[in-house]
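Structure, as structure tokens:
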Amino acid sequence: MENKWWQSEIVYQIYPRSFQDSNGDGIGDVRGIISRLDYLAELGITMIWISPIFKSPMADNGYDISDYFDLAPEFGTMADFEELLAETKKRGIKILLDLVVNHSSDEHPWFQEALKNPQSKYRDYYIFKEANERPNNWRSIFGGSVWEKLPDEEVYYYHTFHKKQPDLNWENPELREEIYSMINQWLELGIAGFRVDAITFIKKDLSFKSIEPDGVDGLAKCTKTSRNQPGIEVFLKELQERCFKPYDSVTVAEAPGVGYDELDDFIGPDGFFSMIFDFKAADLDVASGTEWFKPVAWTPEDLFNRLKTSQLAIQESGWGAPFIENHDQNRAPSKYLKDNQTNPVALKALALLYFYLYGTPFIYQGQEIGMVNFERESLDDFDDISSIDQYHRGMAEGLTAEEALAVINYRSRDNSRTPMQWEDSPSVGFTTGQPWLAVTEQSSVRNVAAQMADPDSLWRFYQNLIAVKKETPVLTHGQIAFPERTEEDVFLYRRYDEDQAYLVIVNLSGQAQTVVYPRPGELVVTNQGVTITTNDIKLAPFGAALIKEEC
Ligand code: NOJ
Ligand code: CA
Numbered sequence: 010m011e012n013k014w015w016q017s018e019i020v021y022q023i024y025p026r027s028f029q030d031s032n033g034d035g036i037g038d039v040r041g042i043i044s045r046l047d048y049l050a051e052l053g054i055t056m057i058w059i060s061p062i063f064k065s066p067m068a069d070n071g072y073d074i075s076d077y078f079d080l081a082p083e084f085g086t087m088a089d090f091e092e093l094l095a096e097t098k099k100r101g102i103k104i105l106l107d108l109v110v111n112h113s114s115d116e117h118p119w120f121q122e123a124l125k126n127p128q129s130k131y132r133d134y135y136i137f138k139e140a141n142e143r144p145n146n147w148r149s150i151f152g153g154s155v156w157e158k159l160p161d162e163e164v165y166y167y168h169t170f171h172k173k174q175p176d177l178n179w180e181n182p183e184l185r186e187e188i189y190s191m192i193n194q195w196l197e198l199g200i201a202g203f204r205v206d207a208i209t210f211i212k213k214d215l216s217f218k219s220i221e222p223d224g225v226d227g228l229a230k231c232t233k234t235s236r237n238q239p240g241i242e243v244f245l246k247e248l249q250e251r252c253f254k255p256y257d258s259v260t261v262a263e264a265p266g267v268g269y270d271e272l273d274d275f276i277g278p279d280g281f282f283s284m285i286f287d288f289k290a291a292d293l294d295v296a297s298g299t300e301w302f303k304p305v306a307w308t309p310e311d312l313f314n315r316l317k318t319s320q321l322a323i324q325e326s327g328w329g330a331p332f333i334e335n336h337d338q339n340r341a342p343s344k345y346l347k348d349n350q351t352n353p354v355a356l357k358a359l360a361l362l363y364f365y366l367y368g369t370p371f372i373y374q375g376q377e378i379g380m381v382n383f384e385r386e387s388l389d390d391f392d393d394i395s396s397i398d399q400y401h402r403g404m405a406e407g408l409t410a411e412e413a414l415a416v417i418n419y420r421s422r423d424n425s426r427t428p429m430q431w432e433d434s435p436s437v438g439f440t441t442g443q444p445w446l447a448v449t450e451q452s453s454v455r456n457v458a459a460q461m462a463d464p465d466s467l468w469r470f471y472q473n474l475i476a477v478k479k480e481t482p483v484l485t486h487g488q489i490a491f492p493e494r495t496e497e498d499v500f501l502y503r504r505y506d507e508d509q510a511y512l513v514i515v516n517l518s519g520q521a522q523t524v525v526y527p528r529p530g531e532l533v534v535t536n537q538g539v540t541i542t543t544n545d546i547k548l549a550p551f552g553a554a555l556i557k558e559e560c
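So, in structure tokens, the structure goes:
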């Protein structure tokens, strides 16, 4: 693939509500982000993705936008945003905003107008159906029917997610024009591009027919009929041509439901997006991304196979976006390392495992210090609407209250949304007030200040991983291959070009392992658990290394 500017970026995701509060109201904000830019520059990242900061009633923490042109007052003002742009630019950091255009908030003036006046053109900006009962049995991602009845009319509207997130009607060309002009206004301001939310949902099966139920609620997952449906390519191509292409912007799409055989269309040389997130590895512990109340057992072998299949398919077509955390996932150490979630060697192994995969790596706030899941005592302690739904659905499908609570404690999206742990103090340096969501823990080791002061910390390890990537272009532009493995728990991949090769080797188990390896090599990065001898590599429990091979 031809080299593109965004391939060598290192992206850091900010969940603005929980990153840094600047005014003591307990809610993170743009001025808080500005105050931490030196921190991000020191870590070495080159681009930030900020989850939505636009005006919103916050039913889904900003993924329900009521004004695409203004900031939520709790996050700041347009002037703050322009200052953020200027300050990031000074430090060589680019900005990705979150583009949420599958749906708006029900408080968006378009929707409000559509409600007030059935004759208004805005009725057709959304999906309304006249009916005496809900028009079909599709289940929304956040639970219950996708249809919500209007109070005074025999009319329903469609929502893929929460009822406060009505879907925009992409079949309407006028709506599409409004979206494109909004996107281009932001690009004109000088942002680098977008992370594109839930974009594979914009096309529905227009027959709107009921399908075979798949739950005791008599409903069926709407993903079957409204995700990556035939015809979506027309909208996505238009979006690419009208917005992303003219600005040479970077886009990373949340595009669940896209098969590996369709990657050419999505991320090929003239694909709709620069890259897409693949959730197959992140969701290996649950029945599906929408039914995480059903946990699934997995082995390191499963993880390895998912990563390998994904990486080879992505390399075949375009470019990847490797990640192990985001604001919708539980914390990676809790998921992948289980009882070893605070083992400092294991944490570094996990970082090395994914960081040099093929693509532009993403780091989620707090990942660089090894933040872990929390344990809450009752449903009332949760904020996330999806967690609350999964709790109830789990019980309807046969879990006891205790089991349902355990499931959401483990998998809740709130796990990754707790305040960023900057220091060892009651509000962890996030706020001088009361944090909007309780902190995970006040820890003397899992905080930024302690880890920046410790040359052997996970934070320093990430900083080094980033520095090595920047000075070693083959770790960005080289091909990826997965050499034959002899040990199930040992991950291996090689990044190479005509002149050089680097091997990543990671023991994802608590047992020592030996791997036959007759090529001499030099350790470039390691968590101290790896020894190269004449014929093999010896790995301590969770030993991991980046090895420069002699070619
Ligand atoms: C995906 C986002 O990542 C998630 O946080 C949000 O709830 C849904 N899309 C709906 O916008
Ligand atoms: Ca604030």
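Plus 9 on top of the position in the sequence shown (first one is 1) and you've got the numbering used here.
Virtual Cβ for every residue (Gly too), placed ideally from N, Cα, C.
Flag residue i as yes when its Cβ comes closer than 8 Å to any non-hydrogen atom of ligand 1, and as no otherwise.
i: N70; result: yes
i: D115; result: no
i: A207; result: yes
i: R422; result: yes
i: H336; result: yes
i: I188; result: no
i: H112; result: yes
i: E507; result: no
i: E263; result: yes
i: Q605; result: Any property of residue 605 remains undetermined from this structure, which presents the chain solely from 10 to 560.
i: I62; result: no
Could you check what DSSP says for residue i in three-state terms: helix, strand or coil?
i: I57; result: strand
i: F151; result: coil
i: M284; result: strand
i: D76; result: strand
i: R503; result: strand
i: R204; result: strand
i: V243; result: helix
i: N314; result: helix
i: F63; result: strand
i: I19; result: coil
i: T97; result: helix
Beta carbon of residue i: closer than 8 Å to some heavy atom of ligand 2?
i: I36; result: yes
i: S395; result: no
i: S65; result: no
i: T440; result: yes
i: E83; result: yes
i: T30; result: Here residue 30 turns out to be Asp, not Thr, going by the sequence shown. Checking every heavy atom of ligand 2 against the Cβ of D30, one is found closer than 8 Å.
i: G41; result: yes
For residue i, I'd like the list of residues in its chain whose CB is within less than 8 Å of its CB, leaving aside the five on either flank, ordered along the chain.
i: N146; result: S154, S219, I220, P222, G227, L228, A229
With distance defined between alpha-carbon atoms, name the residue in the options nearest to residue i.
i: V525; options: L512, R251, I546; result: I546
i: V437; options: S27, G71, S75; result: S27
i: S75; options: L108, G379, W179, D89; result: L108
i: F332; options: G202, P492, V261; result: V261
i: N537; options: Y367, T55, P353; result: Here residue 537 turns out to be Gln, not Asn, going by the sequence shown. If we check each option's Cα against that of Q537, P353 comes out closest.
i: Y373; options: P342, F391, D389; result: P342
i: L312; options: K478, E18, V295; result: V295
i: G552; options: C560, L532, V267; result: L532
i: K99; options: D463, C560, A50; result: A50
i: N473; options: F364, G71, E411; result: F364
i: D79; options: M191, S434, I19, N382; result: M191
i: F371; options: V454, I285, K158; result: I285
i: T55; options: A476, R420, K357; result: A476
i: Y511; options: A410, G375, Y367, V381; result: Y367
i: T209; options: A415, S149, N237, Y134; result: N237
i: D508; options: A88, N516, L484; result: L484
i: L414; options: A554, M429, G71, W301; result: W301
i: G379; options: A459, S396, L467; result: L467
For residue i, which residues from the same chain have a beta carbon less than 7 Å from its beta carbon, with the 5 sequence-adjacent residues on both sides left out?
i: L93; result: V39, I42, I43
i: N193; result: C252
i: D398; result: F151, G152
i: A140; result: E163, Y165
Sorted by chain position, which residues of the same chain lie with C-beta nearer than 6 Å to residue i's C-beta, five sequence neighbours on each side aside?
i: V205; result: L108, T260, A262
i: D337; result: R422
i: F281; result: L245, Q249, F275
i: Y269; result: A322
For ligand 4, is there any heavy atom lying closer than 8 Å to the beta carbon of residue i?
i: V109; result: As for ligand 4, it is missing from this structure, which binds only ligand 1 and ligand 2.
Please decide whether residue i counts as near chain B, where near means a Cβ-Cβ distance under 9 Å.
i: K289; result: The structure shown contains no chain B, having only a single protein chain.
Those runs of the alpha helix (DSSP H) which lie wholly inside the region 100 to 136 and span at least 4 residues: Runs of the alpha helix (DSSP H) inside the region 100 to 136: 118 to 125.
Uninterrupted alpha helix (DSSP H) stretches inside the region 21 to 57 (no shorter than 4 residues): Listed in chain order, they are 39 to 44, 46 to 52.
Whole alpha helix (DSSP H) elements within the region 370 to 452, 4-residue minimum: Listed in chain order, the alpha helix (DSSP H) runs fully inside the region 370 to 452 are 394 to 405, 410 to 420, counting runs of at least 4 residues.
Complete alpha helix (DSSP H) runs within the region 472 to 501 (minimum length 4 residues, chain order): Entirely contained in the region 472 to 501, the alpha helix (DSSP H) runs reaching 4 residues are, in chain order, 483 to 486.
Segments of 3+ residues assigned as beta strand (DSSP E) that fall wholly inside the region 139 to 191: Within the region 139 to 191, the complete beta strand (DSSP E) runs of at least 3 residues fall at 156 to 158, 164 to 167.
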